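Here is the structure we will look at.
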Amino acid sequence: MSDNGRWVYPFGSSGDGDFQVSITDDLCGWQHTSLRVATLAPAVQVSLDLGDSEVIVVPLQGSFDVTAVDHAGERHEARLAGRTSVFAAATDVAYVPRGASLTVRNAGVGPAKVAVCGAKATKQSMPLPFRHVAAADVPVELRGAGMASREVRNFGVPQVLDADSIIACEVITPAGNWSSYPPHKHDEERDGVETELEEIYYFEVRAESPADGADPLGYQRVYGTRERPLDVFAEVRSGDVVLVPHGWHGPAMAPPGYDLYYLNVMAGPGATRAWLICDDPAHTCVRDSWAQQDVDPRLPIGGPR
């Protein structure tokens, strides 16, 4: 029996107030991560009191003014230059610690879209400082090879951003390629091998070559272990969300003709903030084939850095 009804949220089905996408711990079975996405007209803003969550503000389209008043009453401001779309290039981001009040304002002249990625931040005794991470400081990794080639923008991983719990990145998969592959999981605490992290996938899709009547789409697979069954196979379009509470996830598939983007948000209960994964042993041999293949020449999609 499919679990799509519980873990797949088509665009608009999870909206809350100013946010067209709102994934929080109000959802049954969801504990550690959150994602809110809003499309704002020029000069329009959204505000949040973060409580015990830390967030990373990620421009998806357009530029934004970010203002945060932290737990001590200190005011912080950043202008996020952003980008024209998620497919254009990596973006600058802002990290806002727990206990802050946050305002994000469209700083451009046209509609703009922003993601606020969040995680419960209760591991460290004091909130960490507000930070503005420049786009030039975001490592861009080309992962895999051949039809498993993809581009990973690591703005919120432990090696790049100091945080309490949140881990976040975004991935571009060119048309016809498979990503999040081989299927992998991170749902157990095994020292040095695997960390327990729930995960959010937020998708956007575009036609590789724009055409009248095109309906860009992609696919996402999530499946469980014998001990913890799970069965999700979702057709996804721009604005859709797939949640991974546990189990193997992948591939994320970009059909021929359609480039696929996803934003990942991860966090878990473990004491160590680390992104350690375990491949499905039935498919991990795929990695061996990459040594004889080149990375897809279409990458990086945003062009050389």
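Numbering (the numbering used here), first residue to last: 26 to 330. Each residue gets a CB set at the ideal place from its N, CA and C atoms; glycine is no exception. Computed from a predicted structure; not experimentally measured.
Other residues of its chain near residue i: CB distance less than 6 Å, five sequence neighbours each side excluded
i	result
Arg168	Arg175 and Val177
Val290	Thr58, Leu60, Cys142, Ala193 and Ile225
Gln56	Asp50
Reduced DSSP secondary structure (H/G/I, E/B, other) of residue i
i	result
Pro329	Caution applies to Pro329, whose pLDDT of 49 falls short of 50 and renders its modelled position unreliable; the model cannot decide the point.
Ala63	strand
Trp203	strand
Leu107	Correcting the residue type first, residue 107 is Gly in the shown sequence and not Leu. In the structure shown, Gly107 sits in a strand (DSSP, three-state: E or B).
Gly238	coil
Gly87	strand
Gly143	strand
Arg246	strand
Arg262	coil
Arg348	Any question about residue 348 goes unanswered here, given that the chain covers just 26 to 330.
Arg130	strand
Arg31	helix
Gln45	coil
Ala93	strand
His101	strand
Gln70	strand
Lys148	coil
Ser78	strand
Ala137	strand
Asp50	coil
Arg268	It should be noted that the sequence gives Leu, not Arg, for residue 268. Leu268 falls in the strand class under three-state DSSP.
Contact test: residue i Cβ vs the ligand GTP heavy atom, cutoff 7 Å
i	result
Glu221	Ligands displayed in this structure: none; no statement on the ligand GTP is therefore possible.
Residue from the options whose Cα sits closest to the Cα of residue i
i	options	result
Ala68	Val139, Arg31 and Gly133	Gly133
Asp321	Thr220, Ser126 and Glu166	Glu166
Thr220	Asn131, Gly295 and Asn202	Gly295
Ala140	Leu75, Gln86 and Arg262	Gln86
Val269	Pro241, Ser263 and Glu223	Glu223
Arg298	Tyr248, Lys145 and Ala93	Lys145
His96	Glu102, Gly42, Leu105 and Gly76	Gly76
Phe44	Asp187, Val196 and Leu73	Leu73
Ala159	Lys210, Val185 and Thr147	Val185
Phe63	Val91, Met26, Pro122 and Lys138	According to the sequence displayed, residue 63 carries Ala and not Phe. Nearest C-alpha to Ala63: Lys138.
Gly201	Asp305, Gln318, Lys210 and Ala232	Ala232
Arg323	Ser47, Gly171 and Phe155	Gly171
Asp90	Ser150, His157 and Gly98	His157
Lys148	Thr128, Arg123, Phe155 and Arg130	Arg123
Same chain, Cβ closer than 7 Å to residue i, neighbours up to 5 away in sequence not counted
i	result
Thr250	Gly272
Ser205	His274, Gly275, Pro276 and Ala277
Neighbourhood of residue i by C-beta, 8 Å cutoff - its chain only, sequence neighbours within 5 removed
i	result
Leu242	Val230, Glu260, Val261, Arg262, Pro280 and Tyr283
Ile326	Phe112, Glu176, Ile197, Pro199 and Asp284
Gly54	Arg31 and Pro270
is_contact[residue i, chain B] using C-beta, thresh 8 Å
i	result
Gly98	Checking the listed chains, one finds no chain B in this structure; it contains a single protein chain.
Is the stretch 229 to 248 close to the stretch 185 to 197, with three or more CB pairs under 8 Å? no
Return the chain-ordered ranges of every beta strand (DSSP E) run that is complete within the stretch 274 to 325 and spans a minimum of 3 residues. 283 to 292
Scan the stretch 151 to 233 and note each continuous beta strand (DSSP E) run of 3 residues or more that stays entirely inside, going in chain order. 156 to 158, 165 to 168, 175 to 181, 192 to 198 and 223 to 232
Are there three or more Cβ pairs, one per stretch, closer than 8 Å when the stretch 118 to 135 is compared with the stretch 70 to 84? yes
Across the stretch 300 to 311 and the stretch 150 to 163, are there enough close Cβ pairs to call them in contact, namely three or more that are closer than 8 Å? no
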